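Participant: Reminder that position 137 of the sequence shown reads as 950 in the numbering used here, one-by-one numbering, no gaps. Here it is, the structure in full.
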Amino acid sequence: MTLHEYVLFDPLFSYADAEAMVRLCERFGGYGMYSAENEGGPEMGEGLTQRHDAVLNYLRAGGMHGAGEPVSVLAARTNYFREEYAYGTRPLIEGIEPFLFHEGFVEAARQIHGRRVIEPAIVFANLMVPGQELALHTDVPEFRGVNRKMHPQWLLVAMRHSGLFEDWRMPIATGVAWFHDCDGGEFAFYPDGADGPPVYHKVAYNTALLVDTDSVFHGVDRVAPGDAVDLPALKPGMQLAFDGDGRWSVRDGDRAVADYRWEELRFSISWKAYCFADEAERDAWRTHTDDLSLEETLATMVEDLRSRGRITGDTPPSRDLALMIIDEYIRFPPPVAA
Ligand SMILES: [Fe+2]
């Protein structure tokens, strides 16, 4: 038994239903780039990126396996392609319903959090090309009153790791599923915490994992690690598009930057669901009757930082305080050698 329980599905679907997910991915057609580089909100920590915690750690470690590379290459490695297939319980593409309402995911979500009322929040696809990898991180959690729409993502992550706001946290379960075999691109995660050993899940057809990814550090190892891949200079705004007949291309406007065969890519679909203890808790979340404010959040953290001896005199200015919060509360697993 690990510190954080997780559930493995092998297989997740019938063969026909798994095939339908691959066809759905093709039918969706085009995938925009998801970048961790966008600026944080104006409220605090000016100039920090949304995931300043993960970016700092990744740059410090020099990538997933500590091979020192220029920042521009590391950025191209980690800016992958992503689009939504469902939002809330609303499908955004026909055919996603068996995944969105997968009974096995719902049951597993109840199991890992010990909470009865499971409500799907989002389904999205992630596509990566050879040479890409995903920096170690925990996902952005959500609290009643403090969420990623209004507040910087690194702050929400630090709130989870601080353990100070658990009464307001909405536990989320994340299912990740794969519908092809892949060279490299293992899902690496730490179910025993940052000090425990990593577990590597090989990307294999029709398998899935359900994990509390808001609490468990995870990342994606390099796709096609053995090949001397010429990673194109991927930039936000580019698109990965299905060209038919098992072919994909990265496009910069009308120009094709690179093309790939299906089997060269890494494709996963993520499912996230809120896990409520009961209907009353779900209603408090919906009607905002027990919300936390940003002011209360920061006051609690500053008080805690004083009790830990990190702050002794005046409260530091916003940016310094932000960096202190990241440094104090978010303790990453140590780098793993190649
Ligand atoms: Fe994640």
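We put the beta carbon where it would ideally sit given N, CA and C, even for glycine. Owing to the predicted nature of the structure, the values given are computational and were not obtained by experimental measurement.
#1: Three-state secondary structure (DSSP) at Tyr819?
#2: CA-CA distance, Ala1135 and Tyr1073?
#3: Determine whether the Cβ of Asp1027 lies closer than 8 Å to any Cβ atom of chain C.
#4: Does Ala1069 come out as helix, strand or coil in the three-state DSSP assignment?
#5: Pull up the distance between the alpha-carbon of Phe841 and that of Ile906, whole angstroms please.
#6: Using three-state DSSP, classify Ile925 as helix, strand or coil.
#7: Is it true that the stretch 1084 to 1093 meets the stretch 903 to 920, where meeting means three or more beta-carbon pairs spaced less than 8 Å apart?
#8: Does the beta-carbon of Arg1121 have 16 or more other beta-carbons within 10 angstroms, so that it is buried, or is it exposed?
#9: To which residues of the same chain is Gly1050 closer than 7 Å at the C-beta, ignoring the five residues directly before and after it?
#10: Mind the definition here: the stretch 896 to 912 touches the stretch 921 to 928 only if three or more C-beta pairs lie below 8 Å; say whether that holds.
#11: Would you decide whether Ala1090 is buried or exposed? Buried here means 16 or more other CB atoms lie within 10 Å of its CB.
#12: For the stretch 1013 to 1028 against the stretch 816 to 826, do three or more pairs of beta-carbon atoms, one drawn from each stretch, fall closer than 8 Å, so that the two count as touching?
#13: Just mark Pro965 as buried or exposed, buried being the case when its beta carbon has 16 or more other beta carbons within 10 Å.
#14: Comparing C-alpha positions only, which one of Glu839, Ile931 and Ala829 sits nearest to Asp1058?
#15: Go to Asn939, then tell me how far its beta strand (DSSP E) extends in each direction, as first and last residue.
#16: So is Thr902 buried or exposed if we call it buried at 16+ other beta carbons inside 10 Å?
#17: Taking the beta carbon of Val1016 as the centre, do at least 16 other beta carbons fall within 10 Å, making it buried, or is it exposed?
#18: Rounded C-beta distance between Phe978 and Pro1146? I'm assuming under 8 Å.
#19: In terms of residue numbering, what span does the beta strand (DSSP E) encompassing Tyr893 cover?
#20: Quick check: does the Cβ of Asp952 come within less than 7 Å of any heavy atom belonging to ligand 1?
#21: How is Ala1046 classed by DSSP in three states: helix, strand or coil?
#22: For the beta strand (DSSP E) that contains Gln863, what are its first and last residues?
#23: Within the continuous beta strand (DSSP E) that includes Val1012, where are the two ends?
#24: Starting from Pro904, follow its DSSP beta bridges and name the residues at the other end.
#25: By Cβ distance below 7 Å, which residues in the same chain neighbour Arg1064 in space, the five residues on each side in sequence not counted?
#26: Along the chain, where does the alpha helix (DSSP H) containing Leu1078 start, and where does it finish?
#27: Between the stretch 956 to 976 and the stretch 1123 to 1133, are three or more C-beta pairs nearer than 8 Å?
#28: Hey, quick one: how far does the alpha helix (DSSP H) through Ile1139 stretch, first residue to last?
#29: Taking 7 Å as the line, does the beta carbon of Thr1026 fall inside it for any heavy atom of ligand 1?
#30: In the structure shown, what three-state DSSP assignment does Cys838 receive?
#31: Am I right that Leu940 and Tyr844 are in contact with their C-beta atoms under 8 Å? What's the rounded C-beta distance?
#32: So which of Val959, Arg1035 and Gly1066 has the shortest CA-CA distance to Glu1109?
Facilitator: Taking the definition as stated:
#1: In the sequence shown, counting from the first residue as 1, residue 819 sits at position 6. Residue state, collapsed to three classes: coil.
#2: Within the sequence shown, the letter at position 322 stands for residue 1135. Within the sequence shown, the letter at position 260 stands for residue 1073. Cα-Cα distance, rounded: 41 Å.
#3: Absence of chain C from the displayed structure is noted, only one protein chain being present.
#4: Counting from one through the sequence shown, the residue named residue 1069 turns up at place 256. The answer is strand: DSSP assigns Ala1069 an E or B state.
#5: Here residue 841 corresponds to residue number 28 of the sequence shown, with the count starting at 1. Here residue 906 corresponds to residue number 93 of the sequence shown, with the count starting at 1. Going by the C-alpha atoms only, they are around 7 Å apart.
#6: Stepping through the sequence shown from its first residue, residue 925 is reached at position 112. Here Ile925 sits in helix by DSSP.
#7: The stretch 1084 to 1093 is in contact with the stretch 903 to 920.
#8: Mapped onto the sequence shown, residue 1121 falls at position 308. Residue environment for Arg1121: exposed (fewer than 16 other C-beta atoms within 10 angstroms of its C-beta).
#9: By one-based count along the sequence shown, residue 1050 stands at place 237. Taken in chain order, the residues that qualify are Met846.
#10: They do not touch, by the three-pair rule.
#11: As a first step, residue 1090 is located in the sequence shown; it is residue number 277 there, counting from the start. Exposed, since its Cβ has fewer than 16 Cβ neighbours within 10 Å.
#12: Yes: the two stretches touch, three or more of their Cβ pairs being nearer than 8 Å.
#13: Position 152 of the sequence shown, counting from 1, holds the residue named residue 965. Counting C-beta atoms within 10 angstroms of its own C-beta, Pro965 has 16 or more neighbours from the protein chains shown and is therefore classed as buried.
#14: Within the sequence shown, the letter at position 245 stands for residue 1058. Per the Cα distances, Glu839.
#15: The residue you call residue 939 lines up with position 126 of the sequence shown. Looking at the DSSP string, the run of the beta strand (DSSP E) that includes Asn939 is Val930 to Met941.
#16: Position 89 of the sequence shown, counting from 1, holds the residue named residue 902. Thr902 is exposed by the Cβ-count criterion.
#17: Locating residue 1016 in the sequence shown gives position 203, where the first residue counts as 1. Val1016 should be labelled buried.
#18: On the sequence shown, residue 978 is found 165 positions in, with the first residue counted as 1. On the sequence shown, residue 1146 is found 333 positions in, with the first residue counted as 1. With a Cβ gap of about 23 Å, Phe978 and Pro1146 do not count as contacting.
#19: Position 80 of the sequence shown, counting from 1, holds the residue named residue 893. Per DSSP, Tyr893 belongs to the beta strand (DSSP E) from Tyr893 to Tyr900.
#20: Reading the sequence shown from its first residue, position 139 is the one you call residue 952. Yes; taking the cut-off as 7 Å, the Cβ of Asp952 has a heavy atom of ligand 1 nearer than that.
#21: Residue mapping note: residue 1046 aligns to position 233 of the sequence shown, counting from 1. Assignment of Ala1046 by DSSP, reduced to helix, strand and coil, places it in the coil class.
#22: As a first step, residue 863 must be located in the sequence shown, where it is residue number 50. Where Gln863 is concerned, there is no enclosing beta strand (DSSP E), because DSSP gives it neither an H nor an E.
#23: Numbered from 1 along the sequence shown, position 199 holds the residue referred to as residue 1012. If you look at Val1012, you'll find it in the beta strand (DSSP E) that goes Val1012 to His1014.
#24: The residue given as residue 904 occupies position 91 in the sequence shown. Residue pairing by DSSP places Pro904 opposite Ala899 in a beta bridge.
#25: Taking the sequence shown and counting its residues from 1, the one referred to as residue 1064 is at position 251. Excluding the 5 residues flanking it on each side, Arg1064 has same chain C-beta neighbours closer than 7 Å at Met1051, Gln1052, Ala1054 and Val1070, in chain order.
#26: Counting from 1 along the sequence shown, the entry for residue 1078 is found at position 265. It is not in any alpha helix (DSSP H) - Leu1078 carries neither H nor E in the DSSP assignment.
#27: The answer is no - the stretch 1123 to 1133 does not touch the stretch 956 to 976, with fewer than three Cβ pairs under 8 Å.
#28: The residue you call residue 1139 lines up with position 326 of the sequence shown. For Ile1139, the enclosing alpha helix (DSSP H) covers residues Ser1131 to Tyr1142.
#29: Residue 1026 sits at position 213 when you count from the first residue of the sequence shown. Correct: Thr1026 has its Cβ closer than 7 Å to ligand 1.
#30: The sequence position of residue 838 within the sequence shown is 25, counting from 1. Cys838: helix per DSSP, three-state reduction.
#31: In the sequence shown, the residue the question calls residue 940 occupies position 127. In the sequence shown, the residue the question calls residue 844 occupies position 31. Confirmed, Cβ separation roughly 5 Å.
#32: For the purposes of this step, residue 1109 is taken as the residue at position 296 of the sequence shown. Taking only the C-alpha atoms, the option nearest Glu1109 is Val959.
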